[in-house]
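Colleague: Handing you a structure now.
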Amino acid sequence: MAQADADALAALLAGLDEPPPIDLNELYGLPAGLNDSGDVGSDDAPEPPEEPVTQPGDVWVLGDHRLICGDSTDKATVDRLLDGATPRLMVTDPPYGVEYDAD
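Take any residue in the sequence shown, count from 1 to its spot, add 186: that is its number in the numbering used here.
Okay, here's the thing in structure tokens:
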């Protein structure tokens, strides 16, 4: 993990023409609040609900973005997701974005 440098942060912020659109008190307090132990906490996933809200085939519309619960290697699933649109970017293996070859 990188180490925070409060002096470097202060110098960087002092060189800005306009203040950033954030609470500077939170930003300046960041170095003191960092966990230097390297422990990022538990990564245990919660138990899944007995009745999930999202079912295979469900499409979630997030602004201009669409997300489907399904198999991205299945043409019918992808067609349902795209709904006739041509994607500019399609990530089928988040967070990695690995390109798969079906052959």
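Heads up, the beta-carbon is just placed ideally off N, CA and C, and yes, glycines get one too.
1. If you compare alpha carbons, which of D191, A196 and I254 is closest to D265?
2. Grab me the residues of P235's own chain with a C-beta within less than 6 angstroms of its C-beta, minus the 5 sequence neighbours each way, in chain order.
3. Considering Cα atoms alone, identify which of T272, L267, D257 and S258 is closest to L248.
4. State the Cα-Cα distance for the pair G256 and D230, rounded to the nearest angstrom.
5. So if DSSP puts L248 in a beta bridge, which residue, or which two residues, is it bridged to?
Modeller: Quick answer:
1. Closest by alpha carbon: I254.
2. Around P235: no qualifying Cβ.
3. If we check each option's Cα against that of L248, L267 comes out closest.
4. Note on geometry: alpha-carbon atoms of G256 and D230 lie some 24 angstroms from one another.
5. For L248, DSSP records a beta bridge to H251.
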